[in-house]
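Protein chains in written order, with this note's numbering: chain A, 10 to 129; chain B, 877 to 1167.
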């Protein structure tokens, strides 16, 4: 399975970006092979509205089955659920550390959005 | 006083809130009525309408205003994603096995309905607010009340402006700011009166309002309210940029007192009536020149 981690940089030493919809980018990490690639998210970062929805679409299109991030709002949450992506919020530290915790099973799957929607 | 030969629309805008848009709008409306015009006042500040407090209209008509939003037939949708590609606002997006809608983000353009190859999308409705119309001592009156929780006001403003009317002069009381609701309100006007106050905040937002009005391409002038309070920077800014100051309203405590009782300046303090007559003369002359 591939997992997506919101990332402020292009490699595994980068810090987890606490935002989902307006994350700088995503590390798409393959749990089987350990291979990863960085997906820039600047288009959604600068979106007028609907950043969470488009970011959900973005990582779903990348084939990710789980998302690790800091926070996730209601519209992104609904979109990710519909796409069958498991959501893990509250992550901090480096991307590598977050992947380690995911593999160790210490991350708890989010049952609800943990922040409110923006404006609309 | 010169009389325009066709229907004229004067928008009262400001940039900064609380500078006196409504004060100017209602007093201009009554002054025009007294000059023999058939007048209409539209309060387009649908997020916080207040002209009715001064006009005390008898509301004769009330209707709900809605915008179209997409409804997806899940049986027909194959999640091809075309709808999401044409939507600029992320109000519809194919995720998983079907298209999901986020109706609060929808601007009601209908592109998704038209573009769906499976004809799986039809239009439903999202209520944006209420339109109320009536008469107030010989002046036609209409305003909108945005539904609490609704963020998109332009469709309701459009509905207020579309009301049928016999008036030869329409005064539009605009919302504050310089964004979509204001552009929607001033668009189609013959003249924009920008009300400011002689304070740093007033001047800062006046500059933005001037930029917005120039962008929309409408003739405009400035009314300085509470003139004498604050400083002269608004005057200087207008002089430096060849912007006509079409009127001033003095910083007079009695005006604030009349306002706080919901009274019109032209009724409570008739000595100021001439100032509004003068503003109308200048504006009507400018409109007539443009005809």
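Think of the CB as a built atom: it goes at the ideal place given N, C-alpha and C, for glycine as much as any other residue.
- Around the beta carbon of residue 966 of chain B, a 10 Å sphere encloses 16 or more other beta carbons of the protein chains shown; the residue is thus reported as buried.
- Membership of residue 1019 of chain B in the beta strand (DSSP E) is indicated by the continuous run 1015-1022.
- Sixteen is the threshold: when 16 or more other Cβ atoms of the shown chains lie within 10 Å of the Cβ of residue 923 of chain B, as they do, the residue is buried.
- If you compare the alpha carbons of A:118, A:78, A:104 with that of residue 24 of chain A, the shortest gap goes to A:104.
- According to the DSSP secondary-structure assignment, residue 975 of chain B is paired through a beta bridge with B:970.
- Taking CB atoms only, residue 69 of chain A has a neighbour in chain B less than 8 Å away.
- Taking C-beta atoms as the reference points, residue 1071 of chain B and residue 1101 of chain B count as a pair closer than 8 Å.
- For the pair residue 903 of chain B and residue 1012 of chain B, the Cα-to-Cα distance works out to about 13 Å.
- Under the Cβ criterion of 8 Å, residue 966 of chain B is counted among the residues facing chain A.
- Bounds of the beta strand (DSSP E) holding residue 49 of chain A are 45-49.
- With contacts defined as CB atoms closer than 8 Å, residue 971 of chain B and residue 91 of chain A qualify as a contacting pair.
- For residue 66 of chain A, the enclosing alpha helix (DSSP H) covers residues 60-70.
- Following the DSSP letters along the chain, one finds residue 1089 of chain B inside the alpha helix (DSSP H) bounded by residues 1076-1092.
- Taking 7 Å as the Cβ-Cβ cut-off, the stretch 54-78 of chain A approaches chain B at 58, 59, 62, 63, 65, 66, 69, given in chain order.
- Contact between residue 886 of chain B and residue 1047 of chain B holds: CB atoms are separated by about 5 Å, below the 8 Å threshold.
- Among the bridge pairs identified by DSSP, residue 939 of chain B is matched with B:1007.
- DSSP places residue 1135 of chain B outside any beta strand (DSSP E); the residue lies instead in the alpha helix (DSSP H), whose first and last residues are 1129-1136.
- In this structure, the CA atom of residue 912 of chain B is about 10 Å from the CA atom of residue 1044 of chain B.
- Of the other Cβ atoms in all chains shown, 16 or more fall within 10 Å of the Cβ of residue 1114 of chain B; this residue is therefore buried.
- For residue 1122 of chain B, the enclosing beta strand (DSSP E) stretches over residues 1121-1126.
- Contact between the stretch 69-83 of chain A and the stretch 16-36 of chain A is present, with at least three C-beta pairs closer than 8 Å.
- Residue 1140 of chain B counts as buried, since at least 16 other C-beta atoms from the protein chains shown sit within 10 angstroms of its C-beta.
- At least one CB of chain A lies nearer than 8 Å to the CB of residue 981 of chain B.
- Considering only beta carbons, the part of the stretch 89-115 of chain A lying closer than 7 Å to chain B consists of 91, 92, 93, in chain order.
- Beyond the five residues adjoining it in sequence on each side, residue 1109 of chain B comes within less than 6 Å, by CB distance, of 1079 in the same chain, given in chain order.
- Proximity of residue 1071 of chain B to chain A, defined by a Cβ-Cβ separation below 8 Å, is not satisfied.
- Annotation: residue 114 of chain A to residue 996 of chain B spans about 41 Å, alpha carbon to alpha carbon.
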